[in-house]
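Here is the structure we will look at.
Shown next as structure tokens:
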């Protein structure tokens, strides 16, 4: 018989459904009980598995607390100067009713597995282990049908940057998902958007020296039933390294993403958010697509960025030569045409190597069809701006949804993994409305098509509410007090909040449909390289930047770079042949602050006409 930890404590106010309290024994394993410990209450209603959610010490030196520490029925009440009372929430019980008196002992592995519903799961996927009071480990599973579909899908992972090990956990979970399937059942693949650093671009390689897994990690992998080895079938994609040659990734073997004009056209709103709000611009976009972009005559078709630029130049030059105010047969005013030419001319620079002058070479687009079990595609976007990241994510996910709806994925389940989810789908505001809508569609409809969203963020409370509500699972590593008290994670006891606020690396608190309560899980260190000992981001050429900086005053330098993302400015400078050329390009790209322009420009307007702005 398992050693007794304590006795169920029934206060005068009674005990509600789903919770029970017990007084801890002073000796034995009673002293090892902490927040998150799994215990069993043996009552007349049966054995009830609970998770310790709070603890308090009761008593007073003048009037000792009267308790019942008795081990035998009918034994007289005793007195103690102090006692520790533990609060537990029911994880599993045969009956949904309040708990009566009884002894409390440590939970055993079989009981934990039964309490977490493993024996009832159609498709168990291991997320780690939980340490029992006797020092042994119990495997912890979540139901794959509620993670990858079709019942529900998705998993959100939150916690402080650098200490919560979010990326490590989601990569281990992904490894477990893939290992749980085969070529006949639960065929699973994944696309991973690496938006910062290098943690997810080396997952097919062994850990860097000094970061090898420990013997305990190896044992956890064995307990989880997954191989302690790197991902096997991995292909990395990244935009071209503009001006440097090669690819914008720490991995030189990454395949170059190269998108031409037709591939980018329907997603131009990422770079020109006001294009469809402007009647003149929206009219041009519609007519150009119908008459030139999709023209059946190859001789008249404008389907590359190079052709588009030449076409703009020709139309503007013809209008100027004829002294006309309109271009393209009177469809567009010459001022609008100049504006459009400037915007599209700058687009390739803002795309940071993503767009080609001519058509993309075959094989340079991210695959969306005919996936196979175990396949992983990593899209390395760490070296580009947020708007480019959003553009790539939205276009790719949108195409994946189309392929899934047409039953062309080739696998049963495809996990879509991205970090910094709050940047692409924030709870309030943000400039990524299109990306957010695309991710919302995956969260709400993806399970029917075999797509699941795995997202990471420092604060899950800052993620779009629709995404949060439609994810069946979430995990929380060490987190700030403000996040824990936000209400996003339900009503957490003070003890659970304190436990999460102090979780060490390698531990997560997991919420899942099969659990009645959040449970603390230990997971192993990744058995693959997580980018350590590598430089962060793609290569950068700094000679041109240094020369340009030295040629300008501090004030001029700040004004020149105002409103331009640093990575964009660096690319423009690095691809320029002179200081003068770099300066001209930056001046052209920079979106001026209209308010400052109006405030500081010479006033030549008619004061009686509020619409007269020269």
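Numbering (the working numbering), first residue to last: 69 to 682.
Glycine included, each C-beta is placed from N, C-alpha and C at the ideal position.
Values in this document were obtained by computation on a predicted structure and should not be read as measured data.
Three-state secondary structure (DSSP) of residue 333: helix
CA-CA distance, residue 597 and residue 266? 9 Å
For residue 526, which residues of its own chain have a beta-carbon under 6 Å away from its beta-carbon, when the five flanking residues on both sides are left out? 229
Decide yes or no for the touch test of the stretch 419–426 against the stretch 370–389: beta carbon pairs closer than 8 Å, at least 3 of them. yes
Pick out whichever of 88, 194, 98, 176 has its Cα sitting closest to the Cα of residue 170. 88
Of all the options 232, 100, 419, which has the alpha carbon lying nearest to the alpha carbon of residue 572? 232
Beta-carbon proximity of residue 517 to residue 473, cut-off 8 Å: Their beta carbons are under 8 Å apart, which means residue 517 touches residue 473 by this criterion.
Below 8 Å on the Cβ atoms is my contact criterion, and I expect residue 590 with residue 575 to pass it. Report the Cβ-Cβ distance as a whole number of Å. 5 Å
For residue 563, which three-state DSSP category applies? helix
Just list the beta strand (DSSP E) runs in the stretch 269–328, keeping only unbroken ones of 3 residues or longer that don't cross its boundaries, in chain order. 301–307, 323–325
Taking just the CA atoms, how far does residue 456 sit from residue 324? Rounded to whole angstroms, the gap between the alpha carbons of residue 324 and residue 456 is 15 Å.
To the nearest angstrom, report how far apart residue 293 and residue 483 are at their CA atoms. Whole-angstrom Cα-Cα distance: 20 Å.
Classify residue 437 as buried or exposed, calling it buried when 16 or more other Cβ atoms lie within 10 Å of its own Cβ. Exposed.
Buried or exposed for residue 344, going by 16 or more other Cβ atoms inside 10 Å? exposed
Closer than 6 Å by C-beta to residue 660: which residues in its own chain qualify, once you throw out the five before and the five after it? Chain order, please. Residue placement at residue 660 cannot be trusted, given a pLDDT of 46 that sits under 50; the coordinates are not used to answer.
Jot down the residue ranges of each uninterrupted alpha helix (DSSP H) in the stretch 509–585, minimum 4 residues, whole runs only, in chain order. 533–537, 549–552, 562–569
Please classify residue 661: does DSSP put it in a helix, a strand, or coil? In this prediction, residue 661 scores a pLDDT of 46, lower than 50, which makes its location untrustworthy; the coordinate-derived value is nonetheless stated afterwards. Residue 661 sits in coil when the DSSP states are folded into three classes, being neither helix nor strand.
Measure the beta-carbon distance from residue 305 to residue 434 and round it to whole angstroms, keeping in mind my assumption that it falls under 8 Å. That belief holds up - the Cβ atoms of residue 305 and residue 434 are roughly 6 Å apart, short of 8 Å.
Quick one: what's residue 208 bridged to in DSSP? 196
Only counting the same chain, and skipping five residues up and downstream in sequence, which positions put a Cβ closer than 8 Å to that of residue 513? Excluding residues up to 5 positions away in sequence, 469 lie with their Cβ nearer than 8 Å to the Cβ of residue 513 in the same chain.
Following the continuous alpha helix (DSSP H) through residue 468, name the residue where it begins and the one where it ends. 454–473
Quick check on this structure: which residue in 399, 154, 217 has the alpha carbon closest to the alpha carbon of residue 125? 154
Report back the beta-carbon spacing between residue 73 and residue 101 to the nearest angstrom; my notes put them in contact at under 8 Å. 6 Å
Can you check DSSP and say which residues form a bridge with residue 87? 157
Check whether the Cβ atoms of residue 441 and residue 250 lie closer than 8 Å to each other. yes
Given a threshold of 16 other Cβ atoms within 10 Å of its Cβ, counted over all protein chains shown, does residue 178 qualify as buried or as exposed? That one is exposed.
Between the CA atoms of residue 501 and residue 104 - distance to the nearest angstrom: 39 Å
What are the partner residues of residue 448, as DSSP defines its beta bridges? For residue 448, which the question treats as bridged, DSSP gives the partners 262.
Hey, residue 197 and residue 241: beta-carbon distance below 8 Å or not? No, Cβ-Cβ distance for residue 197 and residue 241 is not below 8 Å.
Indicate the three-state DSSP secondary structure (helix, strand or coil) for residue 394 in the structure shown. strand
Using three-state DSSP, classify residue 684 as helix, strand or coil. Shown here, the chain extends from 69 to 682; a query on residue 684 therefore has no answer.
Closer than 6 Å by C-beta to residue 275: which residues in its own chain qualify, once you throw out the five before and the five after it? Chain order, please. Sequence-distant Cβ neighbours of residue 275 in its own chain, meaning closer than 6 Å and more than five residues away, are 597.
Along the chain, where does the beta strand (DSSP E) containing residue 222 start, and where does it finish? 221–226
Can residue 485 and residue 261 be called in contact, C-beta distance under 8 Å? yes
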